[in-house]
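Enquirer:
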Amino acid sequence: MTSTLTISHLTKTYDGVNALSDVSLSVEPGERVALLGHNGAGKSTLMKVILGLIQPNGGEVTVCGAKPGQAAARAKVAYLPENATFHSAVTGLEQITYYMRLRNLDASGAMELLDRVGLSAAAKRRIGTYSKGMRQRVGLAQALIGHPSLLVLDEPTSGLDPVSRRDFYELLDGLAAEGAAILLSSHALTEVEARTDRLLILSGGRMVAEGTLSDLRREAALPVSMHITALNGYSADIMDALPNAIRVGDALHISCNQDDKLATLAEISALRGKVADLEVIPPSLEDIYSHFSRRDGQ
Ligand code: ATP
Numbered sequence: 033m034t035s036t037l038t039i040s041h042l043t044k045t046y047d048g049v050n051a052l053s054d055v056s057l058s059v060e061p062g063e064r065v066a067l068l069g070h071n072g073a074g075k076s077t078l079m080k081v082i083l084g085l086i087q088p089n090g091g092e093v094t095v096c097g098a099k100p101g102q103a104a105a106r107a108k109v110a111y112l113p114e115n116a117t118f119h120s121a122v123t124g125l126e127q128i129t130y131y132m133r134l135r136n137l138d139a140s141g142a143m144e145l146l147d148r149v150g151l152s153a154a155a156k157r158r159i160g161t162y163s164k165g166m167r168q169r170v171g172l173a174q175a176l177i178g179h180p181s182l183l184v185l186d187e188p189t190s191g192l193d194p195v196s197r198r199d200f201y202e203l204l205d206g207l208a209a210e211g212a213a214i215l216l217s218s219h220a221l222t223e224v225e226a227r228t229d230r231l232l233i234l235s236g237g238r239m240v241a242e243g244t245l246s247d248l249r250r251e252a253a254l255p256v257s258m259h260i261t262a263l264n265g266y267s268a269d270i271m272d273a274l275p276n277a278i279r280v281g282d283a284l285h286i287s288c289n290q291d292d293k294l295a296t297l298a299e300i301s302a303l304r305g306k307v308a309d310l311e312v313i314p315p316s317l318e319d320i321y322s323h324f325s326r327r328d329g330q
């Protein structure tokens, strides 16, 4: 299968600032990939290079086999900015019709596109009356003009309520199922974990991690916490049996490496008559993300 997007050893410098250093990645048809990174990590710069808006200093990028910015690449890539804005006096239908005409396409398909993003009932209303979620949908309908093979979405769900977010991801799922490759940036970790196939983490312009959440969890190998509630009067006995445990309020906390998890659980079960409850807490998504994005002293 030919990758929709390939990036190899990409470097971009602004006045001596390394915005991207030696970044390589690929996105396959039908794949939904999340691009994560703190402010200034290089996400927007990477998107601008893919769209052909800025030239890299080094490396290779291809979009459907063409160089970014070339007509063949521009015809295949679509972009949705974080806050899609439109003239408030124009209707959704007029907006999409106008952009289809600019692309020399038959604008009779405008209503079908608006229907696709769930806006057919509001198509003839002024965009000024739309909610933020509806405006993002107009942006998505606009991005879908010409059946793009690659969708580049910059924080597409920021500011949307949970139901609008879910609806938006359902739309993306449908597009991916039809073969579109999707690269989206986000700060909403839980959401991208559930709704994308792979995560990429940029930090200080470098790609510091790539994979599914379980790949990253395994690679980070962060400690597991266990919270033990002692039966009345037995907390001192438990502390004696588990010298690494610390007291936090009424509970006892113990932390161990992934590899020692089963052995620690066995030690706790040996204290069965003294333990009222046990909670095993794996590293959170935020812990994993912070682990990678702080690596290299960033
Ligand atoms: P955010 O989440 O805040 O949008 P980002 O991950 O998109 O951040 P970029 O905007 O790509 O990050 O910026 C990467 C680095 O490049 C930052 O250090 C930024 O200050 C710098 N940078 C970006 N654009 C320019 C520019 N036009 N001139 C000089 N430096 C720039």
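Just so you know, the sequence shown maps onto residues 33 to 330 in our numbering.
Backbone N, C-alpha and C fix where the C-beta goes; we use that ideal spot for every residue, glycine too.
Quantities reported herein were computed from a predicted structural model and do not represent experimental measurements.
1. Work out the CA separation of Leu203 and Asp269 for me, nearest whole Å.
2. Given that a residue counts as buried once 16 or more other Cβ atoms are within 10 Å of its Cβ, and exposed if not, what is Ala142?
3. List the endpoints of the continuous beta strand (DSSP E) containing Tyr162.
4. Under a three-way DSSP split, which group does Leu317 fall into?
5. Mapping the DSSP letters down to three states, classify Arg64 as helix, strand or coil.
6. Kindly indicate which residue of Pro275, Ala155 and Pro88 has the alpha-carbon position closest to the one of Thr129.
7. Candidates Lys80, Tyr111 and Val312: which alpha carbon is nearest Gly213's?
8. What separation, rounded to the nearest whole angstrom, lies between the Cα atoms of Ala45 and Thr117?
9. Hey, would you say Ser218 sits closer than 8 Å to Leu83, going by beta carbons?
10. Assuming Gly90 is part of the beta strand (DSSP E), what are its boundary residues?
11. For Gln330, which of helix, strand or coil comes out of DSSP?
12. Does ligand 1 have even one heavy atom less than 7 Å from the beta-carbon of Val224?
13. Check whether the region 82–102 touches the region 256–265, counting contact only when three or more Cβ pairs, one atom from each stretch, lie closer than 8 Å.
14. Considering Asp269, what are the terminal residues of the alpha helix (DSSP H) in which it resides?
15. Can you check whether the CB of Ser40 is closer than 8 Å to the CB of Ser56?
16. Can you tell me where the beta strand (DSSP E) holding Ala262 begins and where it ends?
17. Helix or strand or just coil, what does DSSP make of Thr77?
18. Keeping to the same chain, check which residues put their C-beta closer than 6 Å to that of Ala295; ignore five residues upstream and five downstream.
19. Which value, in whole angstroms, describes the spacing of the CA atoms of Thr94 and Ala104?
20. For ligand 1, which residues count as neighbours when the test is a C-beta closer than 6 Å to any heavy atom?
21. For the alpha helix (DSSP H) containing Asp147, name the first residue and the last one.
Expert: Looking at the atomic coordinates:
1. Working through the sequence shown from its first residue, we reach residue 269 at position 237. Working through the sequence shown from its first residue, we reach residue 203 at position 171. Computed Cα separation, rounded: 56 Å.
2. Translated into the one-based positions of the sequence shown, residue 142 becomes position 110. Buried, by the Cβ-count rule.
3. Here residue 162 refers to the residue found at position 130 of the sequence shown. For Tyr162, no beta strand (DSSP E) segment is defined, and its DSSP state is neither H nor E.
4. Here residue 317 is taken as the residue at index 285 of the sequence shown, counted from 1. Helix, per DSSP.
5. By one-based count along the sequence shown, residue 64 stands at place 32. Strand at Arg64.
6. Along the sequence shown, one-based indexing puts residue 129 at 97. It is Ala155 whose Cα lies nearest to the Cα of Thr129.
7. Here the question's residue 213 lines up with position 181 in the sequence shown. A quick correction: the sequence has Ala, not Gly, at residue 213. The residue with the shortest Cα to Cα distance from Ala213 is Tyr111.
8. Here the question's residue 45 lines up with position 13 in the sequence shown. Here the question's residue 117 lines up with position 85 in the sequence shown. A small fix is needed here, since residue 45 is Thr in this sequence, not Ala. Answer to the nearest angstrom: the Cα atoms are 29 Å apart.
9. The residue you call residue 218 lines up with position 186 of the sequence shown. The residue you call residue 83 lines up with position 51 of the sequence shown. In this structure, Ser218 sits away from Leu83, with a CB-CB distance that is not shorter than 8 Å.
10. Stepping through the sequence shown from its first residue, residue 90 is reached at position 58. Taken as a continuous stretch (DSSP letters only), the beta strand (DSSP E) holding Gly90 covers Gly90 to Val95.
11. Residue mapping note: residue 330 aligns to position 298 of the sequence shown, counting from 1. Because Gln330 carries a pLDDT of 45, less than 50, the predicted location of this residue cannot be relied on, and the following value inherits that uncertainty. For Gln330, the three-state secondary structure derived from DSSP is coil.
12. To locate residue 224, count along the sequence shown from 1; it is residue 192. No, Cβ of Val224 sits at least 7 Å from all heavy atoms of ligand 1.
13. no
14. The count along the sequence shown starts at 1 and reaches residue 269 at position 237. Counting along the chain, the alpha helix (DSSP H) containing Asp269 begins and ends at Ser267 to Ala273.
15. Reading the sequence shown from its first residue, position 24 is the one you call residue 56. Reading the sequence shown from its first residue, position 8 is the one you call residue 40. Their beta carbons are under 8 Å apart, which means Ser56 touches Ser40 by this criterion.
16. Taking the sequence shown and counting its residues from 1, the one referred to as residue 262 is at position 230. That run of the beta strand (DSSP E) goes Val256 to Ala262.
17. Position 45 of the sequence shown holds residue 77. Helix.
18. The residue you call residue 295 lines up with position 263 of the sequence shown. Once the five neighbours on either side are set aside, Ala295 has no close Cβ partner at all.
19. Translated into the one-based positions of the sequence shown, residue 94 becomes position 62. Translated into the one-based positions of the sequence shown, residue 104 becomes position 72. Going from the Cα of Thr94 to the Cα of Ala104 covers about 10 Å.
20. Tyr46, Asp47, Val49, Ala51, Gly69, Asn71, Gly72, Ala73, Gly74, Lys75, Ser76 and Thr77
21. For the purposes of this step, residue 147 is taken as the residue at position 115 of the sequence shown. Counting along the chain, the alpha helix (DSSP H) containing Asp147 begins and ends at Ala142 to Arg148.
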